[in-house]
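In my numbering, each residue's number is its place in the sequence shown (first place is 1) plus 9.
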Amino acid sequence: MKRLLFAAVALFAGLGAATTASAGPTLDRITSTGQISLGYRDSSPPFSSVDPATGKPVGYAIDLCLRIVDDIKTTLNRPDLTVQFVPVTAENRFNKVAGIETPQVDLECGNSTITIARQKLVNFSYMTFITGGALMIPAKSTVKLLPDLAGKKVSVVKGTTTETELRSRLNDAGVKAEVVLVDDHAAGVKLLEKGKVAAHAADQLVLIGLALEPANRGKFALAPELFSYEPYGLATPRGDDDFLLMVNSTIARLYRTGQIQTYYNQWFGDWGGRPSALLIAMFALFGIPEGTPQ
């Protein structure tokens, strides 16, 4: 717990330094086009997925982004701003935020882990969640820990921090397991259901969301071990401090006022009630006062 909290504080210092005001193009683009582009993942519940009934993106990160959009409308005095949802994948999400691939995304609303390497390409908001990598297994599986994967196959979404951490932990433990790369979590779940892999690796909260989907209930279980530390943030264009400051202002206000609890209850309340002690500490750390420039 202490190690994770110290890591959160260290990342907090780096993220806070990125909010110094300077001119940036994102708000100008939003103002001129009358539109803000939000990137979403289609199979990462409960953070970002597509509601099969409506075909629209839903989730914890989606709701945070829509709240940010409401505040941008108010700040810019542009109630007419429209939202364009842009699908992104684990492989192209940061390229779209950086404008390397089109259409460009102004704000990526998913379950992206903040890393130093990724901050060379995009900015990240204050932390929005903290979780860790875990394994989803068939309900009657004997796999409980990473060493139990010896001689077996495990799927993971390619290009994610979970892939990197999984390979590293398997190597450190001397476990000879075949890592099967998939495009998204839905593909991993299909392999697991068909018995083609012994486990699917992802962030624990994502796995819980997948296991609780109506079509998956009762089929899967979660191994108890967490094998990585995954602090989430919303990705924004790198170097655009004005836009990042606006995003962080909304997040800080939600934490400071306790309104974040409404979002937490909606998407995680059925999974154990109160946020973890680490998550409560995160809300406190990033609930920064509004203050004055002086």
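Ideal placement from N, C-alpha and C gives every residue a C-beta, glycine not left out.
Please read all numbers here as calculations on a predicted model, not as lab measurements.
Query: Cutoff 8 Å; reference Leu231; Cβ partners in own chain excluding five residues on either side; Result: Ala143, Leu144, Met145, Ile146, Gln213, Leu216, Ile217 and Ala220
Query: Unbroken stretches of the beta strand (DSSP E), 3 residues or longer, contained in the stretch 83 to 131; Result: 91 to 96 and 116 to 122
Query: Cβ-Cβ distance between Tyr264 and Gly296 below 8 Å; Result: yes
Query: Three-state secondary structure assigned by DSSP to Ser46; Result: strand
Query: Same chain, Cβ closer than 6 Å to Gln93, neighbours up to 5 away in sequence not counted; Result: Gln44 and Ser46
Query: Residue from Leu155, Val97, Thr40 and Ala107 whose Cα sits closest to the Cα of Val184; Result: Leu155
Query: Reduced DSSP secondary structure (H/G/I, E/B, other) of Ala32; Result: Below a pLDDT of 50, predicted positions are generally treated as unreliable, and Ala32, at 40, falls in that range; no measurement from the model is reported.
Query: Residues near Lys161 by beta carbon distance below 8 Å, same chain, minus five either side; Result: Val152, Ala186, Glu187, Val206, Ala207 and Ala208
Query: Span of the alpha helix (DSSP H) around Ser258; Result: Asp250 to Thr266
Query: Counted within 10 angstroms of its Cβ, other Cβ atoms place Gly119 as buried (16 or more) or exposed; Result: buried
Query: Test item: CB-CB of Arg247 and Leu85 under 8 Å; Result: no
Query: Selected residue, minimal CA-CA separation from Asn257, among Arg178, Asn132 and Glu222; Result: Asn132
Query: For Thr137 and Leu254, the rounded distance between their alpha carbons; Result: 15 Å
Query: Cβ distance (whole Å) where Ala244 is taken to contact Arg102 below 8 Å; Result: 7 Å
Query: One or two residues paired with Tyr69 in a DSSP bridge; Result: Note: Tyr69 sits in no beta bridge, so no partner.
Query: Which listed residue (Ala286, Trp276, Phe252 and Arg178) has its alpha carbon closest to that of Glu234; Result: Arg178
Query: Per DSSP, the bridge partner or partners of Met291; Result: Partner(s): none; Met291 has no beta bridge.
Query: Spatially closest choice to Leu36 from Lys82, Gly64 and Thr124, by CA coordinates; Result: Lys82
Query: Option nearest Ala126 by Cα separation, candidates Val95, Ser150, Thr170 and Lys199; Result: Thr170
Query: Distance CB(Gly197)-CB(Ile123) smaller than 8 Å; Result: no
Query: Distance CB(Tyr272)-CB(Asp72) smaller than 8 Å; Result: yes
Query: Collapsed DSSP secondary structure at Asp212 in the structure displayed; Result: strand
Query: Beta-ladder partner(s) of Tyr241, from DSSP; Result: Thr122 and Phe138
Query: Alpha-carbon spacing of Val189 relative to Ser164, whole angstroms; Result: 4 Å
Query: Inter-residue spacing [alpha-carbon to alpha-carbon] between Ala211 and Thr173; Result: 11 Å
Query: Distance, Ala182 Cα to Arg87 Cα; Result: 55 Å
Query: Range of the contiguous beta strand (DSSP E) that encloses Ser164; Result: Lys162 to Val166
Query: Spatial distance of Pro54 from Lys149 (CA atoms); Result: 23 Å
Query: Selected residue, minimal CA-CA separation from Ala64, among Ser52, Ala70 and Leu75; Result: The question names Ala, yet the displayed sequence has Gly at residue 64. Residue Ser52 is the option with its Cα nearest to Gly64.
Query: Completely contained beta strand (DSSP E) runs for the stretch 164 to 194, where each covers 3 or more residues; Result: 187 to 191
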